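Peer 1: The opening residue of the sequence shown carries number 1 in full-length UniProt numbering; numbering runs sequentially from there. Handing you a structure now.
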Amino acid sequence: MEISNQFYRDTWVDIDLDAIQHNVQKVKEQIRDGVSLMAVVKANAYGHGYIQVANAALEAGADHLAVAFLDEALFLRKAGITAPILVLGATRPEDVGLASRHQIQLTVYQDQWIEQAASYLNEAAPVLLHLKCDTGMGRLGIKSIKELQDIEQMIERYPSFEIYGVFTHFATADERSQRYADEQLVLFNNLIGHLKKKPKMIHASNSAATLLRQDALFTLVRFGISMYGLSPSDEIAPLIPKWLKPALSLHTRLVHVKRVKKGDKISYGSTYTAIVDEWIGTLPIGYADGWLRKLQGFEVLINGQRAPIVGRVCMDQCMIRLPKDYPLGMKVTLIGEQDGERILIDDVANYLETIHYEVACLIAARVPRVYWQNKKPKYVLNQLI
1 MEISNQFYRD TWVDIDLDAI QHNVQKVKEQ IRDGVSLMAV VKANAYGHGY
51 IQVANAALEA GADHLAVAFL DEALFLRKAG ITAPILVLGA TRPEDVGLAS
101 RHQIQLTVYQ DQWIEQAASY LNEAAPVLLH LKCDTGMGRL GIKSIKELQD
151 IEQMIERYPS FEIYGVFTHF ATADERSQRY ADEQLVLFNN LIGHLKKKPK
201 MIHASNSAAT LLRQDALFTL VRFGISMYGL SPSDEIAPLI PKWLKPALSL
251 HTRLVHVKRV KKGDKISYGS TYTAIVDEWI GTLPIGYADG WLRKLQGFEV
301 LINGQRAPIV GRVCMDQCMI RLPKDYPLGM KVTLIGEQDG ERILIDDVAN
351 YLETIHYEVA CLIAARVPRV YWQNKKPKYV LNQLI
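Here you go:
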C-alpha cells in the first residue's frame, strides 16, 4: 500500500478508482465518435477527491476537466495536472492573468467583463473563453442573440482572448418529461446559429442528457454525477444504463459498547429512551464529518445487520442500538455493502429529503479517503496531516 498520509481515527471513506474509470470508459463507448468528454471534478470531485479522481478520469479517456472556481483549477495545476481545465463559474476580471499563466479556460457571459479583464492582461498566450448561454436555468448566462453578438464583437477587439467554446446547462434533463429540456435545446441551437464562427467546443449535456439524449451531444459532454456511479435522479434511474458503478462508501468502527437499562436516555436532549435493557455502541463520526444530525433513526450496517442510530447525532460521535454485544473495533458501514446488505447513498439522501449530490459533497475533508485500484488499496489521503 502506497501511503501518502496515514490516518489516526476509525472513520474513513473508500473510493473505488476502478469504478470511476469503468464509468468513464462505458460512457465513452456510448457517445458517438468525435465527441469529447469533460470530467466534472468541482467540489472536491463531489466529495471523492480532486486530484485522485481527475487523474483516474484522464487515464480512462476523459479529454477535459471542469471545476466551479479558479481556485480549484489552480489546485489541480499545482498537483501537476496539465489537461485542459474549464472554470464553469464566475471568475473575477483581475484574476485573468492567473488563468492565462496556467492555461485555464474561463466562462464568460458579460461584455463588460471582457473590457475589465483585458486591462489586467498583458500575456502573449490567449485566454480560451467559453460563452455561457442561459436558456432556462436562470443562473449565469447570455439570454439574447444581441447579448451574444455584442460579446462576440467585444472579444474580437482583444487578441488576448479567443472564443473556444459555447455552452448551456439543462435544468430538467434528469426528469422523465423532457419538454423543458427540448425548449432549452431549441433556444441554444438558435443562439449558436447566430455566432459568426462556431467555436471548437459546443456543449450542453450534463450526465442526464449524456445518458438519455443523442440530440444534445454536440462536440463535448460534461460527465459529472454519473462518473461517480450515481443516477442523476431517482426519477430517471430506471431509464439510464445499468452499468454505472458507485465509487464511494463510508465506514467507521465501534469505539465503545455498553449495556444500558430500560429507561436510560441517550445523547443531547434525551430524545431516546431505552425501551428494554439494550446494547448501545458509540461510533466516532458526527455532523462535523457530514453525518448530519437529522440522521437520528437512520440505520447502519454491522455484521451484515441493520442497526438504528439512537439519540441525536453529535458533532463528532453518534450511537447505535446493537442486536447484541459486539467487540470494539468492529467495522460499521454507513454507506456501502456488508455481507449482501446494502445502504446506498440514495437511501441517505432520501432519509434527509435531499439529493445524493449533497450527501457526497457534505462528507468533510477531515474524513480520510482510502483510494482503491485493481481491488487493492493504493494510497490514503488525510488532509489533516
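Just so you know, even glycine gets a beta-carbon here, dropped at the ideal spot from N, CA and C. For clarity, every value in this text was computed on a predicted model and none was experimentally measured.
Starting from C318, trace the alpha helix (DSSP H) in both directions and tell me its first and last residue.
Peer 2: Where C318 is concerned, there is no enclosing alpha helix (DSSP H), although the beta strand (DSSP E) it sits in stretches over 318-322.
Peer 1: Using DSSP with H/G/I as helix, E/B as strand and the rest coil, what is P93?
Peer 2: Note: P93 maps to helix in three-state DSSP.
Peer 1: Pop quiz: M201 and T172 are said to be a contact at Cβ under 8 Å. What is the actual Cβ separation, rounded to whole angstroms?
Peer 2: Not really, about 23 Å apart at Cβ, beyond 8 Å.
Peer 1: Quick one, which of G336, I20, A209, S160 has its alpha-carbon nearest G97's?
Peer 2: The residue with the shortest Cα to Cα distance from G97 is S160.
Peer 1: Who are the near neighbours of M315 in its chain, counting only those whose CB is closer than 8 Å to its CB and skipping five residues on each side?
Peer 2: Counting only Cβ-Cβ distances below 8 Å, and skipping sequence neighbours, we find G286, Y287, A288.
Peer 1: When the Cα of D111 is compared with those of K132, I104, A125, A99, which residue comes out closest?
Peer 2: D111 has its Cα closest to that of K132, out of K132, I104, A125, A99.
Peer 1: Per DSSP, what kind of secondary structure is Q214 in: helix, strand or coil?
Peer 2: Correct three-state label for Q214: coil.
Peer 1: Going by alpha carbons, who is nearest to C318 out of N350, D325, D95, V257?
Peer 2: Ranking the options by Cα distance to C318, first place goes to V257.
Peer 1: Going by C-alpha to C-alpha distance, which of R253, V35, R293, I104 sits closest to P327?
Peer 2: Nearest option by C-alpha distance: R253.
Peer 1: Using 8 Å as the Cβ pair cut-off and three pairs as the minimum, do the region 174-192 and the region 202-212 touch?
Peer 2: Flag = yes, the region 174-192 and the region 202-212 touch.
Peer 1: Under a three-way DSSP split, which group does G165 fall into?
Peer 2: It is a strand residue.
Peer 1: What residues in its chain sit with their C-beta under 8 Å from that of P199, if we drop five residues either side in the sequence?
Peer 2: Hits under 8 Å: H130, L131, I163, Y164, G165, V166.
Peer 1: Classify M1 as helix, strand or coil using the three-state DSSP reduction.
Peer 2: At M1 the pLDDT is 39, less than 50, meaning the model places this residue with poor confidence; the figure from the coordinates comes in the next sentence. Note: M1 maps to coil in three-state DSSP.
Peer 1: Using a 10 Å radius around the Cβ and a threshold of 16 neighbouring Cβ atoms, would you call K42 buried or exposed?
Peer 2: Classification of K42: buried, given that the 10 Å Cβ count is 16 or more.
Peer 1: Taking the straight line between their C-alpha atoms, what separation do you get for Y8 and Q178?
Peer 2: Straight-line Cα distance between these residues: approximately 48 Å.
Peer 1: So within the region 171-228, which uninterrupted alpha helix (DSSP H) runs reach at least 4 residues, ignoring any that extend past its ends?
Peer 2: Qualifying alpha helix (DSSP H) stretches, in chain order: 179-192, 207-212.
Peer 1: So, with DSSP's three-state summary, where would you put H22?
Peer 2: Residue state, collapsed to three classes: helix.
Peer 1: Less than 8 Å between the beta carbons of I345 and V13, yes or no?
Peer 2: It is not a contact, given that the beta carbons lie outside the stated cut-off.
Peer 1: Among V35, A19, R293, F298, which has the Cα closest to the Cα of S226?
Peer 2: It is A19.
Peer 1: Straight-line CA distance for E183 to V27?
Peer 2: Spanning the two alpha carbons is a distance of roughly 25 Å.
Peer 1: Let me check one thing: in DSSP terms, what residues is E341 bridge-paired to?
Peer 2: In DSSP, E341 forms a bridge with Q338.
Peer 1: Is I104 helix, strand or coil when you go by DSSP?
Peer 2: I104 falls in the strand class under three-state DSSP.
Peer 1: With H, G and I counted as helix, E and B as strand and the rest as coil, what does DSSP make of A274?
Peer 2: Coil, per DSSP.
Peer 1: By Cβ distance below 6 Å, which residues in the same chain neighbour G89 in space, the five residues on each side in sequence not counted?
Peer 2: Answer for G89: A68, F69, listed in chain order.
Peer 1: Check whether the region 92-107 touches the region 40-56, counting contact only when three or more Cβ pairs, one atom from each stretch, lie closer than 8 Å.
Peer 2: Short answer: they don't touch.
Peer 1: If you run the structure through DSSP and keep just helix, strand and coil, what is A66?
Peer 2: In this structure, A66 counts as strand in the three-state DSSP scheme.
Peer 1: Do R222 and A57 have their CB atoms nearer than 8 Å?
Peer 2: For R222 and A57, no; Cβs fall outside 8 Å.
Peer 1: Could you check if I309 is buried or exposed, using at least 16 other CB atoms within 10 Å of its CB as the buried criterion?
Peer 2: That one is buried.
Peer 1: Hey, how far is the Cα of R342 from the Cα of W279?
Peer 2: Approximately 23 Å, taken between the alpha carbons.
Peer 1: So the candidates are L292, N303, H356; which of them puts its Cα closest to the Cα of M330?
Peer 2: Of the candidates L292, N303, H356, the one whose C-alpha sits nearest the C-alpha of M330 is N303.
Peer 1: Just tell me which of Y351, V370, L381, Y268 has its CA closest to the CA of L295.
Peer 2: The candidate whose alpha carbon is nearest that of L295 is Y351.
Peer 1: Taking its Cβ as the centre, do 16 or more other Cβ atoms sit within 10 Å of L325, making it buried, or is it exposed?
Peer 2: The sequence as given places Asp at residue 325; Leu does not occur at that position. Looking at its Cβ environment, which holds fewer than 16 other Cβ atoms inside 10 Å, D325 is exposed.
Peer 1: So what does P377 bridge to, in DSSP terms?
Peer 2: Paired residue(s): W372.
Peer 1: Which of the three DSSP states, helix, strand or coil, is assigned to M38?
Peer 2: Three-state result, M38: strand.
Peer 1: For my contact list, L239 and I335 are in at a C-beta cut-off of 8 Å; report their separation, rounded to the angstrom.
Peer 2: Actually they do not touch by this definition, with Cβ atoms about 24 Å apart.
Peer 1: With DSSP collapsed to three states, give me the class of residue 471.
Peer 2: Residue 471 cannot be examined here, being either before or after the span of the chain that is shown, 1 to 385.
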